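To start, the structure under review is shown below, and the notes come after it.
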Amino acid sequence: MEGRILLTEDKDFGELVYRLKKPSRGMILIRIDVQERHRKWPRAEALIAKYGDRLPGHFVVVDLNKFRFRPLIFEQPLM
Numbered sequence: 844m845e846g847r848i849l850l851t852e853d854k855d856f857g858e859l860v861y862r863l864k865k866p867s868r869g870m871i872l873i874r875i876d877v878q879e880r881h882r883k884w885p886r887a888e889a890l891i892a893k894y895g896d897r898l899p900g901h902f903v904v905v906d907l908n909k910f911r912f913r914p915l916i917f918e919q920p921l922m
């Protein structure tokens with residue numbers, strides 16, 4: 844593992860990381876419909892600008908209206 848935070852639109856990664864507790868430094872799941880695709884990067888940029896220091900160790904869901912943070916809890920500390 845390289846210690847990077849994963850940015851994805853694929854819910855399967857959320858399943859692997861959050862529910863199956865696969866190691867991850869952090870994950871951002873973008874949940875914005877294709878009709879609003881022009882708003883994806885501005886929302887991701889807003890998340891990083893406002894909460895960048897909170898991203899490690901969290902699973903974050905981004906939609907048009909909010910950011911939802913869930914802690915990633917693993918048996919072994921991540922580097």
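In terms of our numbering, the sequence shown opens at residue 844 and continues consecutively.
Built from N, CA and C at the ideal position, the CB exists for glycine as well.
Predicted model, so just to flag it, every value in this text is computed and none were measured.
Hey, residue i and residue j: beta-carbon distance below 8 Å or not?
{"i": "MET870", "j": "LEU890", "result": "no"}
{"i": "ALA887", "j": "VAL904", "result": "no"}
{"i": "ARG874", "j": "PRO899", "result": "no"}
{"i": "ARG882", "j": "LEU915", "result": "no"}
Which word fits residue i, buried or exposed, when buried means at least 16 other C-beta atoms lie within 10 angstroms of its C-beta?
{"i": "GLY846", "result": "exposed"}
{"i": "HIS901", "result": "buried"}
{"i": "LEU872", "result": "buried"}
{"i": "VAL860", "result": "buried"}
Over the uninterrupted beta strand (DSSP E) stretch that includes residue i, give me the two end residues.
{"i": "GLY869", "result": "869–873"}
{"i": "ILE848", "result": "848–851"}
Using a Cβ-Cβ cutoff of less than 7 Å, which residues in the same chain neighbour residue i once the five nearest sequence positions on both sides are dropped?
{"i": "PHE910", "result": "LEU890, TYR894, VAL903"}
{"i": "GLN919", "result": "At GLN919 the pLDDT is 49, less than 50, meaning the model places this residue with poor confidence and gives no usable figure here."}
Excluding the 5 residues flanking residue i on each side, which residues of the same chain have their C-beta closer than 6 Å to its C-beta?
{"i": "ARG913", "result": "PHE902"}
{"i": "ASP853", "result": "none"}
Where does the unbroken alpha helix (DSSP H) through residue i begin, and where does it stop?
{"i": "PRO885", "result": "883–894"}
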